[in-house]
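Student:
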Amino acid sequence: MDNLDINFLKDNLKELNIELSETQINMFVKYYELLVEWNSFMNLTAITEWKEVVIKHFIDSLSLVNVIENMTDVSYSVLDIGTGAGFPGIPLKIAFPNLKITLVDSLNKRVKFLNEVINVLGLENIVAIHSRAEDIGHNSMYREQYDIVVSRAVSNLTVLAEYCVPFVKLNGCFIPYKSEKSEEELTNASKALSILGCKYINSVDFDLPSSDIFRCLLVFEKIKNTPNKFPRKAGLPTKDPIC
């Protein structure tokens, strides 16, 4: 894929004030190549054109810098729930190798892809786990162990919070990526978030560089332990949301 416009990636990274080494840039290129290769025989993403992947996957994932300071200097432990093809976790790991990343996905074939990316790129302090959030959310190895829990999953905030908040340590953050205005979701999820142990801090709205694609990052701080019954067994958070 020698015809890729590498400068397009570099220019959009600059929009986020991120400057990477040539080694890191090459990692993004290799990641893209693996994504396209594996996508030819399994469903990883509907987005495969280079510039679209750069904006909608790579840059979108890295937009976490809009709300978290010192990403380069602090070894935050980050959990990515419902990571799919590795977004946002793998781009964050490539750009900020000091982060300790855990990727969780419910489909084993996607986890095989993630492990291939991790191995080919030689990434360290990153692990991909085949599980559902409902299952490992009660495992003491993972429960309330992470500084930051992120997700780009397209779930309702009330449901997503039940899956994610149990993993956030006290004083840590739950940060869902949203693609639309969030006031109504915030209002509807306020009771659930309080029960789960979080308080709303702020939201950051922006358009992705080189596009008119709207994004919103919501920031919640964990202020108390999540009650032991959460997350509930598979299906219940969706069928019977906390309210």
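Numbering of the sequence shown is given in my numbering, commencing with residue 1 and proceeding in unit increments.
Using N, Cα and C, we set each Cβ at its ideal position, and we do this for glycine too.
Return the CA-CA distance between GLU37 and LEU64, expressed in angstroms with no decimal places.
Tutor: 27 Å
Student: Measuring only the C-alpha atoms, how far is CYS198 from ASN125?
Tutor: 27 Å
Student: If I measure Cβ to Cβ from VAL149 and keep anything under 6 Å in the same chain, skipping five residues before and after, which residues do I get?
Tutor: Within the same chain, VAL149 has close Cβ partners LEU79, CYS164, PHE167, VAL168 and PHE174.
Student: Measuring only the C-alpha atoms, how far is ASN70 from VAL127?
Tutor: 22 Å
Student: Please look up how many angstroms separate the CB atoms of LEU35 and THR45, rounded, as I've assumed it's under 8 Å.
Tutor: 7 Å
Student: Within 8 Å (strictly less), CB to CB, does GLU134 reach chain C?
Tutor: Reference to chain C is not applicable here, since this structure consists of a single protein chain.
Student: Report the rounded CA-to-CA distance for TRP50 versus TYR32, giving the unit in angstroms.
Tutor: In this model, TRP50 and TYR32 are separated by some 8 Å (Cα to Cα).
Student: So, with DSSP's three-state summary, where would you put GLU221?
Tutor: strand
Student: Between THR102 and ILE129, is the Cβ-Cβ spacing less than 8 Å?
Tutor: It is a contact, given that the beta carbons lie within the stated cut-off.
Student: Looking at the secondary structure, which residues open and close the alpha helix (DSSP H) in which CYS164 lies?
Tutor: Going by DSSP, CYS164 is part of the alpha helix (DSSP H) stretching over 157-164.
Student: Whole angstroms is fine: what's the gap from ASP5's alpha carbon to TYR146's?
Tutor: Distance between the alpha carbons of ASP5 and TYR146 is about 36 Å.
Student: As an exercise, report each continuous beta strand (DSSP E) stretch of at least 3 residues that is fully enclosed by the segment 132-216, in chain order.
Tutor: 146-151, 168-178 and 198-207
Student: Please confirm if the segment 180-187 is in contact with the segment 89-107, defined as three or more CB-CB distances below 8 Å between the two stretches.
Tutor: no
Student: Cα separation between GLY84 and ARG110?
Tutor: Whole-angstrom Cα-Cα distance: 6 Å.
Student: Just the Cα atoms here: how many angstroms apart are GLU19 and LEU92?
Tutor: Those two C-alpha atoms are separated by around 13 Å.
Student: Quick one: grab the DSSP three-state call for ILE25.
Tutor: Reduced to three states, the DSSP call for ILE25 is helix.
Student: When DSSP labels each residue in this structure, what does SER63 get in the three-state scheme?
Tutor: helix
Student: Among residues of its own chain, excluding the 5 on either side of THR226, which ones have a beta-carbon nearer than 6 Å to its beta-carbon?
Tutor: VAL165, PRO166, LEU196 and GLY197
Student: Please give me, in chain order, every unbroken run of the alpha helix (DSSP H) with length at least 4 that falls completely inside the segment 40-95.
Tutor: With a minimum length of 4 residues, the continuous alpha helix (DSSP H) runs that stay inside the segment 40-95 are 50-53 and 89-95.
Student: So, are the CB atoms of GLN24 and ILE94 less than 8 Å apart?
Tutor: yes
Student: Let's test the definition: count the other Cβ atoms within 10 Å of the Cβ of ASN171 and tell me whether it reaches 16, buried, or not, exposed.
Tutor: exposed
Student: May I ask you to report which of helix, strand or coil DSSP gives ILE118?
Tutor: helix
Student: Would ILE55 be called buried (16 or more neighbouring beta carbons within 10 Å of its own) or exposed?
Tutor: ILE55 comes out buried.
Student: Less than 6 Å between C-beta atoms, sequence neighbours within five positions excluded: which residues of the same chain meet that for LEU114?
Tutor: GLY86, LEU103 and ALA128
Student: So is THR158 buried or exposed if we call it buried at 16+ other beta carbons inside 10 Å?
Tutor: When all chains shown are included, THR158 counts as buried.
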